[in-house]
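Numbering (the numbering used here), first residue to last: 521 to 602.
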């Protein structure tokens, strides 16, 4: 019984290997054609916009945190009489 299961697994592995090779060949042949369909300028613009937005958000958070820290330092100095 174990031998039959092992044989079935080997058959499945061979079939998967053949299918994988076939898929790789297909992708190699059509890869350039598929890349030509990708709207590179649109993708570049959208990613650039997302990065700009993220930079602005980080800058706003840092600015807010610095403001809060300055206030906390002022309160501590006032409390300590410095």
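Glycine included, every Cβ here is placed at the ideal spot set by N, Cα and C.
- Message: Tell me the residue span of the alpha helix (DSSP H) that contains residue 601.
- Response: If you look at residue 601, you'll find it isn't in any alpha helix (DSSP H); DSSP assigns it neither H nor E.
- Taking DSSP as the reference, what is the three-state secondary structure of residue 558? DSSP places residue 558 outside both helix and strand once states are collapsed to three, so it counts as coil.
- Message: Please report the straight-line C-alpha distance between residue 555 and residue 582, rounded to a whole angstrom.
- Response: The C-alpha of residue 555 lies about 39 Å from the C-alpha of residue 582.
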